[in-house]
Amino acid sequence: MKIYLSGLDFDAGKVKYNDERLIKLSEKFKPKKIAPFFAEFITDDPEQADAIAVRKDNILDLLIPDIEKMEGRLERSENQDEKKLAEKCIRAMEEEKALCDIDFSEAEKSVLKALSPLTFKPTIIIDGDISTDELIGRALKKAGIMFFYTAGQDECKAWPAEKNSSAVECAGKIHSDLARGFIRADVVTFNDMMSVFNMHGAKEKGLVKTVEKDHIIEDGDIIEIKFNV
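Quick note on the numbering used here: the sequence shown kicks off at 10 and runs consecutively.
Next up, the structure:
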């Protein structure tokens, strides 16, 4: 995940996210390998970012180019719906609101996605001090990204996925073969896993759900994929 920084005193580069759940899972399983999530901070080419973090005092640096883009669309477009959308966006941005915080219809979202205004990307506005962990956490939440986990003695790993991802979609995040040969998944919540010794213990206590490919994985779930290729 690339996070564009505006007005924030963090260096560009990859930054580890200190995920409390992954830390606790690692303390429990004592794995040979721990694989945390890394975000990438960028300070150039905001168009390449998945999310934006901007100091409150710098928000106009992002909004002004977006306003100019919408004003140009308003002048050129002959479509009345597009004109109304441009006016709606301009009004919101003149109140220093990022476009990602405005309610749009699906049709309006489709138009904005094509226009690609910067603040239509998930944008968090920072007022005061913030740690890298808090910044990354807020950016993930704004972007609708959750974590699921694989955990055992070999490795504990945090996997980012869009909220409401299915079991087979999460399997594909781990490896394409797991999605292609998906049979079923064993799923246990983070809190339930922390109450037992391991996945076997969770199964003995009836805490594990065996699910089909369309099952929605929740934030924090630990999963094991059964597959055959």
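C-beta atoms are modelled at their ideal positions from N, C-alpha and C, and glycine is treated no differently.
The beta-carbon distance between Ala180 and Glu233, rounded to whole angstroms, is 10 angstroms. This is too long to meet the 8 angstroms contact definition. Under the DSSP assignment, Thr159 falls outside any alpha helix (DSSP H), being part of the beta strand (DSSP E) whose first and last residues are 154-160.
According to the DSSP assignment, Ser119 belongs to the alpha helix (DSSP H) that extends over 115-124. Shown here, Thr219 sits in a strand according to DSSP, grouped into three states. Runs of the alpha helix (DSSP H) spanning 4 or more residues and lying entirely within the segment 180-205 occur at 185-189, 199-203, in chain order. Nearest Cα to Val238 within the set Ser204, Arg64, Phe191, Lys214: Phe191.
Bridge pairing for Lys23: Glu49 [DSSP]. Three or more Cβ pairs drawn from the segment 152-161 and the segment 31-49 lie within less than 8 angstroms of each other, which places the two stretches in contact. Taking a cut-off of 8 angstroms for Cβ pairs, the segment 61-81 and the segment 124-142 touch, as three or more such pairs fall below it.
Counting every other CB atom within 10 Å of its CB across the protein chains shown gives Arg30 a total of 16 or more, marking it as buried. Per DSSP, the unbroken beta strand (DSSP E) holding Ile12 starts and ends at 11-15. Proximity to Ser174 across His224, Ile68, Leu83 peaks at His224, based on C-alpha coordinates. Ala95 and Leu83 do touch by the CB rule: their CB atoms are close to 4 angstroms apart, below 8 angstroms.
Residue state for Ala148 is assigned as helix, using DSSP reduced to three classes.
Across the structure, Met202 and Met208 are spaced so that their CA atoms are roughly 7 angstroms apart. Scanning its chain for C-beta atoms nearer than 8 angstroms, with the 5 sequence neighbours on each side dropped, one finds around Pro131 the residues Asp59, Ala60, Ile61, Cys109, Ala148, Lys151, Ala152, Gly153, in chain order. Between the alpha carbons of Gln89 and Glu103 lies a distance of about 21 angstroms. A distance of 8 angstroms or more separates the beta carbons of Lys166 and Ala48. Secondary structure of Ile226 (DSSP, three-state): coil. The beta-carbon distance between Val217 and Ala176, rounded to whole angstroms, is 13 angstroms. This is too long to meet the 8 angstroms contact definition. Distance from the CA atom of Phe236 to the CA atom of Ile134, rounded to whole angstroms, is 43 angstroms.
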